[in-house]
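There are 2 protein chains.
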Amino acid sequence: MTDNKVLIVGSVGLDALTTPFGHVDRVLGGAASYSSVAASYFAPVSMVAVVGQDFPAENVELFKARGIDVSALEVKDGETFFWAGEYGEDPNQAITHATELNVFADFKPTLPPSHRSHPFVFLANIDPVLQLDVLNQADSPEFVASDTMNFWIASKKDELLEVLKRVDLCLMNDAEARMLTGQKLLVDAADAILAMGPKYAAIKKGEHGALLFGENTHFSAPSFPLRQIVDPTGAGDSFAGGLVGYLASTGDTSESSIRKAVVYGSTVASFDVEDFSLRRLASLSREDIQNRYDLFTEIARF
Amino acid sequence: MTDNKVLIVGSVGLDALTTPFGHVDRVLGGAASYSSVAASYFAPVSMVAVVGQDFPAENVELFKARGIDVSALEVKDGETFFWAGEYGEDPNQAITHATELNVFADFKPTLPPSHRSHPFVFLANIDPVLQLDVLNQADSPEFVASDTMNFWIASKKDELLEVLKRVDLCLMNDAEARMLTGQKLLVDAADAILAMGPKYAAIKKGEHGALLFGENTHFSAPSFPLRQIVDPTGAGDSFAGGLVGYLASTGDTSESSIRKAVVYGSTVASFDVEDFSLRRLASLSREDIQNRYDLFTEIARF
Chain Z
922 MTDNKVLIVG SVGLDALTTP FGHVDRVLGG AASYSSVAAS YFAPVSMVAV VGQDFPAENV
982 ELFKARGIDV SALEVKDGET FFWAGEYGED PNQAITHATE LNVFADFKPT LPPSHRSHPF
1042 VFLANIDPVL QLDVLNQADS PEFVASDTMN FWIASKKDEL LEVLKRVDLC LMNDAEARML
1102 TGQKLLVDAA DAILAMGPKY AAIKKGEHGA LLFGENTHFS APSFPLRQIV DPTGAGDSFA
1162 GGLVGYLAST GDTSESSIRK AVVYGSTVAS FDVEDFSLRR LASLSREDIQ NRYDLFTEIA
1222 RF
Chain B
922 MTDNKVLIVG SVGLDALTTP FGHVDRVLGG AASYSSVAAS YFAPVSMVAV VGQDFPAENV
982 ELFKARGIDV SALEVKDGET FFWAGEYGED PNQAITHATE LNVFADFKPT LPPSHRSHPF
1042 VFLANIDPVL QLDVLNQADS PEFVASDTMN FWIASKKDEL LEVLKRVDLC LMNDAEARML
1102 TGQKLLVDAA DAILAMGPKY AAIKKGEHGA LLFGENTHFS APSFPLRQIV DPTGAGDSFA
1162 GGLVGYLAST GDTSESSIRK AVVYGSTVAS FDVEDFSLRR LASLSREDIQ NRYDLFTEIA
1222 RF
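As given, the protein sequences belong to chains Z and B, one line each in that order.
Convert by adding 921 to the 1-based position in the first sequence; the result is the number in our numbering.
Convert by adding 921 to the 1-based position in the second sequence; the result is the number in our numbering.
What follows is the structure in structure tokens.
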């Protein structure tokens, strides 16, 4: 492991989740939570986020136990961001029952001086205006990755396009890639995304794995044959965190390294969905991850 | 190339096809046509099928030019099997406008003595009763693969289950695998199929590639990033033909060889869809195939 630090900005929240496997309430959630914990298996992570006074101390302890620097996790008066969602038979389709922004509504990420020179940055799925804010405070990071969602594509497309001009790798799921570009075929959508600025686009396809596109790159990462998807929440964030964390750990951002990073991201995401919230994700060993990475290698071998 | 011969039984017909790229009428079609031509790039093929008096001689010439033994291609009084189909935006969804069985209605495949000892057999998608007929005439082939479709799963399930008891590898698309087994997850569907008898199940997922399952095998073959699917007809048959042809060419039916065979099948299928009917499929060189196989390797590398 190198000392390359990863800066992650995004939401930290509390979730109420219903899936065919049960229901949990006010459990740890948020894109920055999942991606930071995922990245923490590979590299030192600093998290930039905000929570309310009601945020359980045990969640902060969980971050600390993973070695995550929470000095820029603000605690504000008010309640923590809350999301209530449900998944039916299709783990790719979340039904939102409630979104309460609470303290997140006025979130204005501020990077302390110690955080400005982190060479790896992951802009988790938040308002692209905030993603730009963070980029403007950072000292020319070596590698920036970003995530987004349909909501921002619809409501803040211009700002999102500004973000895409400034990132090395953007992450999207297949539906978002089609929505952003208006292209039906993923190969065409990827071309259109690359023309917007990023050197690489990683497209998540749920049960069908992930694709990585670059100027001369087409990489198809295999999916893992899961038999139980207990809770799909955070799979995409875990994927992103594992990906960026792996890159930071090697310091190598060559195409060959990014391919491996996509598989490490897939590996961590495959664990995430095995239990509710971060229960599985936060209790992995580096050996668990390596063993499953080796299985991915075996699954793709010919 | 070894001298292992491949016996292929199935439909040879004439198609009227409409896709977003145009319309063609009374062009060569049928599962045995596609799979035989695909297999012919790897191994000597003998075709068992029936056509009517109206079957254009140029189609027989096309088979012969590919070195296919057509001595068991019966020509009967009457008209050739005819299918009229259309594809819209989704290349996985064929809309059938007409199916005229014609001489195919009374097809009773008969293996001449010279064809009974072919070590490799592909039972293309026909009535499972006929597939069993062929198996009963064959002299304990080394490797048998079979295809089927939703129509037989619905109408002749018992006979289909008899076939599955006697094949080494069965091919299905994801929807058929789910339909046959009642399992939603493909991993569960594959388990259920393997319990029916086959040593391997190859599940075709269209744009998402193909999966191979065996007792201790899970292989995910990458898909090829096609930008134009001019005519999806015969993709599954080409996949099967390439797969079985490759196995025959090596004489090696180990798991490692079957993985490569799945990729060769995917390779040939990726060419098939680039033009209507067998226009592209029948005009390949072994170098075309190898170059694209190498691209598949590059797409999956990490």
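The beta carbon of each residue, even a glycine, is placed where N, CA and C say it ideally should be.
**Same chain, Cβ closer than 6 Å to Leu-949 of chain Z, five either side skipped, listed in chain order** = Asn-980, Ser-1198 and Leu-1199
**Asked** Interface residues of chain B around Lys-1105 of chain Z at Cβ under 8 Å?
**Response** Glu-1010
**Item:** With 16 other Cβ atoms within 10 Å as the buried cut-off, status of Gly-943 of chain Z
**Value:** exposed
**Prompt:** Under the three-state reduction of DSSP, which class applies to Thr-1031 of chain Z: helix, strand or coil?
**Reply:** coil
**Prompt:** Are His-1039 of chain Z and Lys-1120 of chain Z close, meaning C-beta to C-beta below 8 Å?
**Reply:** no
**Request:** Would you mind sorting Phe-1072 of chain B into buried or exposed? The rule is 16 or more other CB atoms within 10 Å of its CB.
**Result:** exposed
**Request:** Under 8 Å by Cβ, that's how I've got Met-929 of chain B and Val-969 of chain B pegged, so tell me the actual separation to the nearest angstrom.
**Result:** Sequence check: residue 929 of chain B is Ile here, not Met. Between Val-969 of chain B and Ile-929 of chain B the Cβ distance is about 7 Å, and since that is below 8 Å, they are a contact.
**Message:** Run through chain B and tell me which residues come within less than 7 Å of Ala-1203 of chain Z, C-beta to C-beta.
**Reply:** Under the 7 Å cutoff, chain B gives no residues; its nearest Cβ is about 26 Å from Ala-1203 of chain Z.
**Message:** Just to make sure I have the definition right: I need the residues of chain Z whose C-beta is within less than 9 Å of the C-beta of Ala-1221 of chain B. Which are they?
**Reply:** Phe-1140, Ser-1141, Ala-1142, Pro-1143, Ala-1221, Arg-1222 and Phe-1223
**Asked** Between Pro-1049 of chain Z and Leu-1081 of chain Z, is the Cβ-Cβ spacing less than 8 Å?
**Response** yes
**Request:** Below 8 Å on the Cβ atoms is my guess for Tyr-1008 of chain Z versus Pro-1143 of chain Z; work out the distance and round it to an integer in Å.
**Result:** Not a contact, Cβ separation roughly 23 Å.
**Request:** Give a yes or no on whether the minimum CB-CB distance between His-1129 of chain Z and chain D is below 8 Å.
**Result:** Absent from the structure is chain D; the protein chains it does hold are Z and B.
**Whole-number beta carbon distance between Gly-1162 of chain Z and Val-1189 of chain Z, since they are thought to touch under 8 Å** = 7 Å
**Request:** Run down chain B in chain order and give the residues with a C-beta less than 7 Å from the C-beta of Val-1184 of chain Z.
**Result:** Phe-1223
**Message:** Please classify Asn-1137 of chain Z as buried or exposed, where buried requires at least 16 neighbouring CB atoms within 10 angstroms.
**Reply:** exposed
**Prompt:** Going along the chain, which unbroken runs of the alpha helix (DSSP H) with 4 or more residues stay wholly within the region 1136-1203 of chain Z?
**Reply:** 1156-1171 and 1176-1193
**Message:** Check whether chain B comes within 8 Å of Lys-1181 of chain Z, counting only Cβ atoms and requiring the distance to be less than that.
**Reply:** yes
**Request:** With a 10 Å radius around its C-beta and 16 neighbouring C-beta atoms as the bar for buried, classify Asp-1079 of chain B as buried or exposed.
**Result:** exposed
**Message:** Quick check on Thr-1218 of chain B: buried or exposed, where buried means 16 or more other Cβ atoms within 10 Å of its Cβ?
**Reply:** exposed
**Request:** Could you tell me if Gly-934 of chain B is buried or exposed, where buried requires 16 or more neighbouring beta carbons within 10 angstroms of its beta carbon?
**Result:** buried
**Message:** Nearest by alpha-carbon distance to Gly-956 of chain Z: which of Z:Ile-1220, Z:Asp-1068 and Z:Glu-1208 is it?
**Reply:** In the sequence under discussion, the amino acid at residue 956 of chain Z is Ser, which differs from the Gly named in the question. Ranking Z:Ile-1220, Z:Asp-1068 and Z:Glu-1208 by Cα distance to Ser-956 of chain Z puts Z:Asp-1068 first.
**Request:** Could you list which residues in chain Z have their beta carbon closer than 9 Å to that of Asp-1109 of chain B, in chain order?
**Result:** Arg-1148
**Prompt:** Where does His-1039 of chain B fall in DSSP's three states?
**Reply:** coil
**Own chain residues within Cβ distance below 8 Å of Leu-1085 of chain Z, not counting five before or after** = Ser-1067, Cys-1091, Ile-1114, Met-1117, Gly-1118 and Pro-1119
**Message:** Please state the DSSP three-state secondary structure of Ile-1047 of chain B.
**Reply:** coil
**Message:** Can you tell me whether Gln-1211 of chain B is buried or exposed? The criterion is at least 16 other CB atoms within 10 Å of its CB, across all chains shown.
**Reply:** exposed
**Asked** Are there 16 or more other CB atoms within 10 angstroms of the CB of Arg-1213 of chain B, so buried, or fewer, so exposed?
**Response** buried
**Message:** Between the region 1017-1027 of chain Z and the region 1121-1141 of chain Z, can you find at least three pairs of beta-carbon atoms closer than 8 Å?
**Reply:** no
**Whole runs of the alpha helix (DSSP H) within the region 968-1008 of chain Z, excluding any shorter than 4 residues** = 978-986
**Asked** Near Ala-1156 of chain Z, what residues of its chain come up, given a Cβ to Cβ distance below 7 Å and the 5 sequence neighbours on each side ignored?
**Response** Ala-1190, Asp-1193 and Val-1194
**Prompt:** Between Ile-1047 of chain Z and Ser-1141 of chain B, which are expected to be in contact by the criterion C-beta below 8 Å, what is the C-beta distance as a whole number of angstroms?
**Reply:** 33 Å between Cβ atoms; not a contact.
**Message:** On a Cα-Cα basis, can you pick out the residue from Z:Glu-1063, Z:Leu-983, Z:Phe-984 and Z:Ala-1182 that is closest to Val-1088 of chain Z?
**Reply:** Z:Glu-1063
**Message:** Taking a contact to mean a Cβ-Cβ separation below 8 Å, would you say Ser-1206 of chain Z touches Phe-1145 of chain Z in this structure?
**Reply:** no
**Prompt:** Thinking just about the alpha-carbon of each residue, which of Z:Pro-1034, Z:Trp-1004, Z:Gly-1103 and Z:Ser-954 is nearest to the one in Phe-1043 of chain Z?
**Reply:** Z:Ser-954
**Item:** Cutoff 8 Å; reference Glu-1010 of chain B; Cβ partners in own chain excluding five residues on either side
**Value:** Pro-941
**Message:** Using the Cβ count rule (16 or more neighbours within 10 Å means buried), how would you classify Ser-1170 of chain Z?
**Reply:** buried
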